[in-house]
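Peer 1: Structure provided below as structure tokens; questions to follow.
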Amino acid sequence: MRLVFLGPPGAGKGTQAEILVQRYSIPQLSTGDMLRAAVAAKSPLGLKAKQIMDRGDLVSDSVVDAIVSQRLDEADCANGFILDGYPRTLAQAEALQAMLAEKGIALDAVLELQADRDALVARIVNRAAQSGTARADDNEEVLRNRLDVYNELTAPLAAYYRSKGLLRSVDGMARIDTVSKAVADVLGAVK
Ligand code: AMP
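In terms of the numbering used here, the sequence shown opens at residue 30 and continues consecutively.
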């Protein structure tokens, strides 16, 4: 199962991806996690990415495209993968199509978790307050910027994937078990 997870910050992509990781025994490839690891390691990439991420802006397409392409070649992706947080721009979506074609594979579905903007702000501010280990990009101002960036650059991907017949949309604001049931239902129809 080769999947892309689409949805604004806080829509529950990470939580739902974890459930699918167990169900299909495929890895979750989160570009946010990969970039945070690079920041923590203080690698040249991490040093460049940190300020961009702290503002809630997007790291350049070429950087993330290269990280994803390399990651897809690792052995654990042989039976599939869940891309979480990538692609985030139309240019990334096109780069992904090209790299998959080159590797001789294709996406099975693109799962969109739909979510209401105001509810998302409340959800993420809450997550930051409860965890005590707030991410630098979880404060409200940065969060609003991340949502703006999502609406402007990433939301158009839904239409892009709909036109390819790949899009499956689910209401992400319901309870976790309700969302995961809806996800299972739409994916059950895929494979
Ligand atoms: P996330 O954990 O997916 O919310 O990502 C956290 C941050 O990492 C984002 O706000 C961006 O700054 C950066 N990032 C993650 N994925 C991408 C991507 N596909 N393209 C550009 N920047 C990304």
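All C-beta atoms in this analysis are idealised placements derived from N, C-alpha and C, irrespective of residue type, glycine included.
Values in this document were obtained by computation on a predicted structure and should not be read as measured data.
1) Which parts of the stretch 39–69 are runs of the alpha helix (DSSP H), unbroken and 4 residues or longer, counting only runs that do not cross its ends?
2) For the structure I just gave you, are there three or more beta carbon pairs, one from the stretch 206–216 and one from the stretch 137–145, closer than 8 Å?
3) Quick one: is Arg175 buried, meaning 16 or more other Cβ sit within 10 Å of its Cβ, or exposed?
4) Please report the straight-line C-alpha distance between Val154 and Pro38, rounded to a whole angstrom.
5) Given a cut-off of 8 Å on the beta-carbon distance, is the pair Val199 and Val178 in contact?
6) Under the rule that 16 or more other beta-carbon atoms within 10 Å means buried, what is Thr44, buried or exposed?
7) Which parts of the stretch 106–167 are runs of the alpha helix (DSSP H), unbroken and 4 residues or longer, counting only runs that do not cross its ends?
8) One question on the structure: do Ile48 and Asn108 come within less than 8 Å of each other, judged by their Cβ atoms?
9) The alpha helix (DSSP H) that contains Asp83, what's its start and end?
Peer 2: The relevant details are as follows:
1) 42–53 and 60–69
2) yes
3) buried
4) 11 Å
5) no
6) Around the beta carbon of Thr44, fewer than 16 other beta carbons lie within 10 angstroms, which makes this residue exposed.
7) 119–132 and 146–160
8) no
9) Pro73 to Arg84
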